[in-house]
Amino acid sequence: MNTLTSKLIAKDFHQHRWLLAGTIAIGMISLFVAGGGTPMLFNIGMLCWLTAIAAFGCVLAMLGISSERKERALLFVLSLPLSFGDYVRLKLFGLLLCFFVPWLTLTAGAIGLVLVKAGMPDGLLPFTILLCVFLLANFSMVLCCALFATSEGFMTLAIIVHNIAISLFIFLIGVIPEFYGHLQDPAPVWGPAFWTVLGIEAAFLVVICSLPYFVVARRRDVI
Amino acid sequence: MTQTKHIEMRNVRKAFRFFTLEDLSLDLEPGQIMGFVGPNGAGKSTTIRLAMGLIAPDAGEIRVLGHLLPENQAIAKRDVGFVSDEMKLFAHATVGWHMNFIASIYPGWDAEYAATLVKRFNLKPEQPVKGLSHGEHVKALLMLSLARRPRVLILDEPTSGLDPVARHELLSEFMDVLRDDSRSILFSSHNTVDVERISDRIVFIDRGRLVDSRDKEDFLDRWRRIQLQLAPGVTLPDLPNIVGRVVDGHFVTLTTNDFSTDLIARLGPAVREVHRMSLEEIFVASVLHHREVAGQ
């Protein structure tokens, strides 16, 4: 990574610092509420935690890429000594890194809540891990779409798909007996379904992050 | 030893759905200010984007400071300052943040010159970019480009939308840049007054084709408008290099793109007045003549 690339990534961190801090704060408060001891507080807390991560991902992709293009700051960035390929790579890496900070913190918080909180069954752990990895993959999808998109319509569609995908994921995981049958177990069950879903998520992540790298970064007409 | 041309375009072609830039060739020499003049939609911005590596040509070759574009644009752009009226700084940051940012990237950043420009342009480093007016925004962009001391400055309609005072300040600054004769400027505009003031080489472009390219003085020396009063029954002889002819009874106005005393001698006593033409008049006459010849 050269100086310019690291400066631009640092710029993204600087630009989104309050968004990062706000997401972490809201996510941690949500986890605190979720550990309140009643099913209702658990549901409210986890819904807010989920919304905080998902909304953060969408806003980050919009502000970091789409707005930069819309507000014509992209032309300023591309006047600097870098190619469009360099720009795509630094945005992909930089915004993934930006997402990682709250995602990792809130994932650790959720896993910690399941493991440490008395009365919270450890059987929730596989589902929690799969949901967190899914949120990362889902963000990567929006990020990839933002790099591909040249219109607001396409980006709006990507955000709609992102939001629907979360509900679909929870629903689909919920009907797999290996998960719903062990959610209340005192110990986690790391069965084949867990590893299969995790493998699919990991493969999706690799493919979705490679697409901008190998397709968008090779565009010869940028603006 | 010949110096590397700062910008070289050879037979460049770029086609879009509704517009094609065709067979464009131009050279920007070190120490030169090239005014790139054309009506809206002529292909000025397309040419400039090609010169910045933002779009790739379908055919032909583009070199900036000897580097082939768009492949080697990252290297070429180390020594190129680019400002466009469509360009914006990061809205969330201040002018001072941008100065620190650019200074940390470019080793040639001249902090003293930057401070001078900030003062001259009445910019406030602590001011957030989102609060800048259009004129202040353009000035901030130019300050950031100029203080890097680039070898080539590429400016796409930089004075568009500026008030006369701001335009004067910016144009004076461009002239200062050229005190160092190893630097050059490619300056696109549809404002011929600005171009005439600072350019020493002028390129006319229209509907994606290069119409004419000469030194400014050459343009101003060669183009004339000649007013004639013909005696009854006298017709005009067949004259070369006449690009415009307006007849009003016995009065005829000719426009020539190759004025000489021989021409006056051939026209004889019918000549009433000979006018030098402004660059704007030359530009309009040149473009209209080009369209007529091309049958458009």
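Respectively, the protein sequence lines represent chains A and B. Each residue of the first sequence is one higher than the one before, counting from 689 in the working numbering. Each residue of the second sequence is one higher than the one before, counting from 714 in the working numbering. No residue lacks a Cβ here, since even glycine has one placed at the ideal position from N, Cα and C.
Within chain A, partners of residue i - CB distance below 7 angstroms
| i | result |
| --- | --- |
| residue 797 of chain B | 763 |
| residue 783 of chain B | 908 |
| residue 786 of chain B | 771 |
Within 7 angstroms, strictly: CB atoms of residue i and residue j
| i | j | result |
| --- | --- | --- |
| residue 834 of chain A | residue 753 of chain A | yes |
| residue 769 of chain A | residue 958 of chain B | no |
| residue 765 of chain A | residue 836 of chain A | no |
| residue 787 of chain B | residue 771 of chain A | yes |
| residue 767 of chain B | residue 910 of chain A | yes |
| residue 779 of chain A | residue 817 of chain B | no |
| residue 715 of chain A | residue 722 of chain A | no |
| residue 939 of chain B | residue 987 of chain B | yes |
| residue 892 of chain A | residue 815 of chain A | no |
| residue 789 of chain B | residue 842 of chain B | no |
| residue 828 of chain B | residue 812 of chain B | no |
| residue 836 of chain B | residue 853 of chain B | yes |
| residue 793 of chain A | residue 712 of chain A | yes |
| residue 829 of chain A | residue 888 of chain A | no |
| residue 1003 of chain B | residue 956 of chain B | no |
| residue 972 of chain B | residue 935 of chain B | yes |
| residue 706 of chain A | residue 718 of chain A | no |
| residue 783 of chain A | residue 748 of chain A | yes |
| residue 865 of chain A | residue 810 of chain A | no |
| residue 762 of chain B | residue 821 of chain B | no |
| residue 708 of chain A | residue 789 of chain A | yes |
| residue 827 of chain A | residue 710 of chain A | no |
| residue 755 of chain B | residue 919 of chain B | yes |
Neighbour list for residue i in chain B, Cβ cutoff strictly below 9 angstroms
| i | result |
| --- | --- |
| residue 872 of chain A | Going along chain B, no residue has its Cβ under 9 angstroms from residue 872 of chain A, so there is no contact; the nearest lies around 47 angstroms. |
| residue 777 of chain A | Residues of chain B passing the Cβ test: none, with the nearest at roughly 12 angstroms. |
Where residue i meets chain A, residues with beta-carbon distance less than 9 angstroms
| i | result |
| --- | --- |
| residue 780 of chain B | In chain order: nothing, as chain A lies at least about 11 angstroms away. |
First and last residue of the uninterrupted alpha helix (DSSP H) at residue i
| i | result |
| --- | --- |
| residue 858 of chain A | 840-862 |
| residue 887 of chain A | 880-902 |
| residue 912 of chain A | As displayed, chain A neither begins before 689 nor continues past 911, which places residue 912 of chain A out of reach and without an answer. |
| residue 976 of chain B | 974-980 |
| residue 872 of chain B | That residue, residue 872 of chain B, is in no alpha helix (DSSP H); it is neither H nor E in DSSP. |
| residue 786 of chain B | 786-789 |
| residue 795 of chain A | 772-804 |
Chain-ordered chain A contacts of residue i [CB-CB under 8 angstroms]
| i | result |
| --- | --- |
| residue 817 of chain B | 691 and 695 |
| residue 814 of chain B | 695 and 699 |
| residue 791 of chain B | 769 |
Beta-carbon separation (whole angstroms), residue i vs residue j, contact threshold 8 angstroms
| i | j | result |
| --- | --- | --- |
| residue 798 of chain B | residue 744 of chain B | So it is not a contact: roughly 25 angstroms between Cβ atoms. |
| residue 812 of chain A | residue 802 of chain A | 5 angstroms |
| residue 911 of chain B | residue 884 of chain B | 5 angstroms |
| residue 809 of chain B | residue 839 of chain B | 6 angstroms |
| residue 704 of chain A | residue 786 of chain A | 6 angstroms |
| residue 719 of chain B | residue 865 of chain B | 5 angstroms |
| residue 794 of chain B | residue 846 of chain B | About 22 angstroms separates the two Cβ atoms, so there is no contact after all. |
| residue 976 of chain B | residue 952 of chain B | 7 angstroms |
| residue 844 of chain B | residue 879 of chain B | Rounded, the Cβ-Cβ distance is 17 angstroms, inconsistent with contact. |
| residue 856 of chain B | residue 763 of chain A | That pair is no contact at about 17 angstroms. |
| residue 871 of chain B | residue 851 of chain B | 6 angstroms |
| residue 823 of chain A | residue 742 of chain A | 6 angstroms |
| residue 897 of chain B | residue 742 of chain B | 7 angstroms |
Unbroken beta strand (DSSP E) run spanning residue i, endpoints
| i | result |
| --- | --- |
| residue 719 of chain B | Here residue 719 of chain B belongs to no beta strand (DSSP E), and DSSP marks it neither H nor E. |
| residue 762 of chain B | Unbroken run through residue 762 of chain B is the alpha helix (DSSP H), 757-764; no beta strand (DSSP E). |
| residue 825 of chain B | Here residue 825 of chain B belongs to no beta strand (DSSP E); instead the alpha helix (DSSP H) covers 824-833. |
| residue 794 of chain B | 793-797 |
| residue 898 of chain B | 897-902 |
| residue 726 of chain A | Neither: residue 726 of chain A is in no beta strand (DSSP E) and is coded neither H nor E. |
| residue 774 of chain B | 772-777 |
| residue 735 of chain B | 733-741 |
Interface partners of residue i on chain B, CB under 8 angstroms
| i | result |
| --- | --- |
| residue 759 of chain A | 801 and 804 |
| residue 911 of chain A | 762, 767 and 768 |
| residue 766 of chain A | 765 and 767 |
| residue 774 of chain A | 787 |
Checklist entry - Touch check for the stretch 734-753 of chain B and the stretch 915-935 of chain B: three-plus C-beta pairs under 8 angstroms? => result yes
Item to check | Cβ contact (3+ pairs, closer than 8 angstroms) linking the stretch 956-973 of chain B and the stretch 900-911 of chain B | outcome: By the C-beta criterion, the stretch 956-973 of chain B is judged not to be in contact with the stretch 900-911 of chain B, since fewer than 3 inter-stretch pairs fall below 8 angstroms.
Checklist entry - Can you find at least 3 beta carbon pairs, one from the stretch 741-760 of chain A and one from the stretch 866-880 of chain A, that sit closer than 8 angstroms? => result no
Checklist entry - Is the stretch 724-742 of chain B touching the stretch 772-781 of chain B, taking contact as three or more C-beta pairs under 8 angstroms? => result yes
Checklist entry - Would the stretch 970-987 of chain B and the stretch 924-940 of chain B be scored as touching if the rule is three or more Cβ pairs under 8 angstroms? => result yes
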